[in-house]
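Asker: One structure is given below, represented as structure tokens, and several questions about it will come after.
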Amino acid sequence: MKRWRFWIGVVISAVFLWLALRGMRLGDVWREVRTANYWWLVPGVVVYFLAVWARTWRWDYMLRPLKHIPLRTLFPVVVIGYMGNNIYPFRAGEVLRAYVLRRREGVAMGASLATVVVERVFDGLVMLMFVFAALPFAPVPSQSIRSVVIGASIAFFGALIGFFVVAAMPQRMLRLTAWGSERFLPARFRPIVVDFVTRFLVGLASLRQFRNVLMIFLSSVVVWLLETMKYWFVMHAFDFEVSFFALMLMNGIVNLMTTLPSAPGYVGTFDTPGIQVLVLYGVPAELATAYTLVLHAALWLPITLLGTYYMLRERLGWQDFGRAVQAMEGEATA
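Count along the sequence shown from 1, then add 12; that gives the number in the working numbering.
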């Protein structure tokens, strides 16, 4: 991992945290954290892991054109990937997930990474759908939120259309890649690029049938409804209440913002927009901050601990992330 990328993420996280905490009465925040009813976190964690199981089913569905893998085998791989996202910057756990899958099941990393990228596009579209669905029932007078939603809509819909086009014409894309490589790349890089694109196109096979696309979309909706239910359960640990639609909007906004570079664990990029959305709905700033920080910890800690357990069970070490990057590069040159 390039050190400059890490420090860019740290700086962005620091700016977001400063925006969130400036002028905040931290003593009041701590009082709200201390007096929360943490029993509500138990059902929240349960529904969160149901969401992770739904993510596993979705990934299995996308991987079926490559290889059918039992859910009980795939679930630890997914958990390890999300644990990696929590402790490495730039969502680097996705590379670790592809590495573990190749090591266990022999699935090419380029192909599995293509399915992960498609997952992220569908996640983004569903989060935007949540925002659009929530706004009529929980309107917010914020032009900045509207701007974020419009910009993200253009980006995610554009990406999805691009993937559909590429998936529908794999041979044409390979010819275009070969043509571009011949004209613009040094000879030693041409086979690397062509081979990686070939493997990536294999991973897009699930987008070639309408039924597959529909199932991926519906499972994505289930995933994010379950995750919003966690927001709802954790809310009951604190002395405030907003509608489920407001939490849908909060979920959509904070997860769109976590696509920005940040320090490991989405520090700041998750918390600041979450606090601001709740404040727009009339929640006191200190209470909104306490809730968002506890929610963030409840999302981060359980899956990180379980992912660490699965890593140890798989006899993986922290140095395996570097090996994952090397394996991806080596696969491209194979």
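For every residue, glycine included, the Cβ atom is placed at its ideal position computed from N, Cα and C. Just so we're clear, the structure is a prediction, and the values are computed from it rather than from any experiment.
#1: Helix, strand or coil: which one does DSSP assign to Gln-331?
#2: Among the residues of its own chain, which have a CB less than 8 Å from the CB of Trp-65, if the five just before and after it don't count?
#3: To which residues of the same chain is Asp-135 closer than 8 Å at the C-beta, ignoring the five residues directly before and after it?
#4: Excluding the 5 residues preceding and the 5 following Tyr-303 in the sequence, name in chain order all residues of the same chain whose CB lies nearer than 6 Å to its CB.
#5: Taking just the CA atoms, how far does Phe-222 sit from Asp-207?
#6: Which of helix, strand or coil does DSSP assign to Pro-296?
#7: Look up Thr-316 in the DSSP assignment and say whether it is helix, strand or coil.
#8: What are the uninterrupted segments assigned as beta strand (DSSP E) that are 3 or more residues long and contained completely in the stretch 181-246, given in chain order?
#9: Let me check understanding here. Comparing Cα to Cα, which of Ala-164, Arg-103, Tyr-111 lies closest to Met-323?
#10: Leaving out five residues before and five after Tyr-243 in sequence, what residues of the same chain have Cβ atoms less than 7 Å from its Cβ?
#11: Within the chosen definition, does the stretch 193-208 reach the stretch 100-110 through at least 3 CB pairs nearer than 8 Å?
#12: When you compare the CB positions of Val-254 and Val-295, do they come within less than 8 Å of one another, or not?
#13: If you drop the 5 nearest sequence neighbours on each side, which residues of the same chain put their C-beta closer than 6 Å to that of Phe-149?
#14: Nearest to Tyr-73 by alpha carbon, out of Val-128, Arg-202, Ala-300, Gly-280?
#15: I'd like the span of the alpha helix (DSSP H) that includes Leu-272, first residue to last.
#16: Comparing the C-beta of Ala-110 with each C-beta of chain C, is any distance below 8 Å?
#17: Which value, in whole angstroms, describes the spacing of the CA atoms of Met-5 and Val-41?
#18: Threshold first: 4 residues or longer. Then list the alpha helix (DSSP H) segments lying entirely within the stretch 23-49, N to C.
#19: Indicate the three-state DSSP secondary structure (helix, strand or coil) for Phe-282 in the structure shown.
#20: Under 8 Å, do Met-185 and Leu-213 count as touching if we go by C-beta distance?
#21: Kindly indicate which three-state DSSP category Arg-84 falls into: helix, strand or coil?
Answerer: Checking against the coordinates, here is how it stands:
#1: coil
#2: Leu-83, Phe-87
#3: Only Ser-232, Val-235, Trp-236, Asn-267 meet the Cβ criterion.
#4: Close CB contacts of Tyr-303 within its chain, under the 6 Å cut and outside five residues either way in sequence, are with Phe-250 (chain order).
#5: 27 Å
#6: Here Pro-296 sits in coil by DSSP.
#7: helix
#8: List check, beta strand (DSSP E) in window: nothing returned.
#9: Tyr-111
#10: Leu-259, Met-262, Asn-263, Leu-307
#11: no
#12: Pairing Val-254 with Val-295 gives a Cβ-Cβ distance under 8 Å.
#13: Phe-257
#14: Per the Cα distances, Val-128.
#15: Neither: Leu-272 is in no alpha helix (DSSP H) and is coded neither H nor E.
#16: Looking for chain C here will not work: only one protein chain is present.
#17: The structure shown has nothing for residue 5, since the chain only spans 13 to 346.
#18: For the stretch 23-49, whole alpha helix (DSSP H) runs of length 4 or above, ordered along the chain, are 38-46.
#19: coil
#20: In contact: Met-185 and Leu-213 (Cβ atoms closer than 8 Å).
#21: helix
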